[in-house]
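2 protein chains.
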Amino acid sequence: MGHDSAGTDGASRRIPEATVARLPIYYRALVDVADRDVTTVSSDRLAELAGVNAAKVRKDLSYLGTYGTRGVGYDVKQLLAEISRDLGLTHDWAVAIVGLGHLGQALADYRGFGARGFRVAALFDADPAKIGRQVGGLEVSPAASIRAVASERGVRIGIIATPPHVAQAVADDLVAAGVSSILNFAPALLSVPGGVSLRKVDLAVELQILAFYQSRRSVPAAGG
Amino acid sequence: MGHDSAGTDGASRRIPEATVARLPIYYRALVDVADRDVTTVSSDRLAELAGVNAAKVRKDLSYLGTYGTRGVGYDVKQLLAEISRDLGLTHDWAVAIVGLGHLGQALADYRGFGARGFRVAALFDADPAKIGRQVGGLEVSPAASIRAVASERGVRIGIIATPPHVAQAVADDLVAAGVSSILNFAPALLSVPGGVSLRKVDLAVELQILAFYQSRRSVPAAGG
DNA sequence: GCCTGTGAACCTTTTCACAGCA
DNA sequence: TGCTGTGAAAAGGTTCACAGGC
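Same order as they appear, the protein sequences are chains X and R.
In short: position in the first sequence from 1, add 1, done, that's this note's numbering.
In short: position in the second sequence from 1, add 1, done, that's this note's numbering.
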């Protein structure tokens, strides 16, 4: 994943992963303050809204370039525009959701998808009872048609919300259809070719992490 | 969150956060190999199953104590027992889910909850149309009753799947009911007292992170 | 005086490389 | 010979503290 050559337009900087992971948080905080017609925000204030400390905000934003004014703060609109651009939210990404159980439906119905750079362009399920039904205003296509339909609709981001045993096959189909970013909700380890980004959200993992700290606090009584 | 005193039973070690976050992954991988009646696993094999490298596996497991045999590997059952114990999965945690939209229902229906140390003990929603209904075999209680019902049922872990504007109030109620671990799916910054663990899962954030890397790969055409 | 931008110090995490034991 | 356990080195991330411009 190393990228050594800088673009000739000079726009590409090396932004640390940890910073990238916080940009969406800043983005949301900035949208909120912009909604309240605030024009300027300090690193202190933004830190408070984002739940991090001010030094981190300044360091993070410095990777995007220098958009603040000393003694004043950051111009909300300008910073919002810059972060939107960096996150690639200035144009819509076509998203496909595979697996329309409760989770997939929750995702399909999710508001703020359309509003913020993402557009659900295709839904897939293997269950004949679900195929052809409308979910969130879109018809469910058969899972067998992923390669054809997803590539035809220009899908670039795929969300996997299937049972774990079919997740790898779905991922393969998505990649074959030209998808190069995958968000996986299935509790399974996926392997994808280089050049495809993969992120994972795993409920059981999150709960188990909480349980670890929880059990260190409230030591279970010997009598259970 | 610092904990300096070692327990007199000698069982508590300082396990790095990054390691804790991987224990659930190892746990799942080990459950899989145990199901296939494999008795021994090497760090190489476990690394492959968990999607990390072998040095990391060995380092991580060394924090739990020394459970491997040089020249052989780790005993699957023994390691599984140790990780279960560390993760606190050896006894059931009562979990409450607040907010029964699609996401909350997905969580309530989630299999593997009961199987692996967690038991959904209470469901809450503010919508009168949902209160009293059965979801996943459990009756939905009014959100106004969180403090009473959650404490009565011994809930220690709360899952927030509500709209963002009520998430803080729900968190406060959960904490008042004795919950000290919260998993938040609402796109809102929550503040909780010290001693309460908080983890966050945010769909929009995950998508935006993907979009960042995606847009660096497929540079939007200048005319686009 | 105020608040950003950033080198430097510090801390955490990862990786390396090999000693030590079966 | 094979694989774990672990110091040491390297990389990555966070925080400090202050110079620099408004």
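Ideal Cβ positions, reconstructed from N, Cα and C, are used throughout, including at glycine.
This structure is a prediction, so every number in the text was calculated from the model and none was measured.
If we count the other Cβ atoms within 10 Å of its Cβ and call it buried at 16 or more, is residue i buried or exposed?
i        : result
Arg23/X  : buried
Gln135/X : exposed
Pro25/R  : buried
Val171/X : buried
Asp33/R  : exposed
Ser63/X  : exposed
Val77/R  : buried
Ala149/X : exposed
Ala168/R : buried
Gly196/X : exposed
Gly69/R  : buried
Gly102/R : buried
Determine, using beta carbons only, whether residue i comes closer than 8 Å to chain R.
i        : result
Phe125/X : no
Pro17/X  : no
Pro194/X : no
Ala107/X : yes
Val21/X  : yes
Ser44/X  : no
Val202/X : yes
Leu47/X  : no
Gly155/X : no
Arg117/X : yes
Ser181/X : yes
Ile210/X : yes
Leu81/X  : no
Tyr111/X : yes
Pop quiz: residue i and residue j are said to be a contact at Cβ under 8 Å. What is the actual Cβ separation, rounded to whole angstroms?
i        : j        : result
Ile158/X : Val141/X : Actually they do not touch by this definition, with Cβ atoms about 18 Å apart.
Val156/X : Ala123/X : 6 Å
Thr20/R  : Asp61/R  : 5 Å
Val53/R  : Val202/X : Going by Cβ atoms, the distance from Val53/R to Val202/X rounds to 18 Å, so no, they are not a contact pair.
I'd like to know whether the C-beta of residue i is nearer than 8 Å to at least one C-beta of chain X.
i        : result
Glu207/R : yes
Pro188/R : yes
His103/R : yes
Tyr68/R  : no
Ser198/R : yes
Leu65/R  : no
Pro221/R : Note that Pro221/R scores 49 on pLDDT, short of 50, meaning its location in the model is unreliable and no value can be drawn from it.
Gln215/R : yes
Tyr27/R  : no
Arg218/R : yes
Asp174/R : no
Given a cut-off of 8 Å, decide if residue j and residue i are closer than it, judged by their beta-carbon atoms.
i        : j        : result
Arg29/X  : Pro188/R : yes
Tyr27/X  : Leu204/R : no
Asp93/X  : Phe119/X : yes
Leu104/X : Phe186/X : yes
Gly137/R : Val121/R : yes
Ala48/X  : Val58/X  : yes
Val96/X  : Ile16/X  : no
Ala162/R : Leu108/R : yes
Leu190/X : Ile183/X : no
Glu207/X : Arg200/R : yes
Gly89/R  : Val42/R  : no
Ser198/R : Gln106/X : no
Ala144/R : Ala130/R : no
Along the beta strand (DSSP E) that carries residue i, what are the first and last residues, could you check?
i        : result
Arg228/X : Given a span of 2 to 225 for chain X in the structure shown, any question on residue 228/X remains unanswerable.
Ile161/X : Ile158 to Ile161
Asp76/X  : Gly74 to Asp76
Leu184/R : Ser182 to Asn185
Lys201/X : Ser198 to Lys201
Name the two residues that bound the continuous alpha helix (DSSP H) containing residue i.
i        : result
Ile26/R  : Glu18 to Asp36
Leu108/R : His103 to Asp110
Ala212/X : Leu204 to Arg218
Sorry if obvious, but does the Cβ on residue i come closer than 7 Å to a heavy atom of the ligand ADP?
i        : result
His103/X : This structure lacks the ligand ADP; in fact it carries no ligand of any kind.
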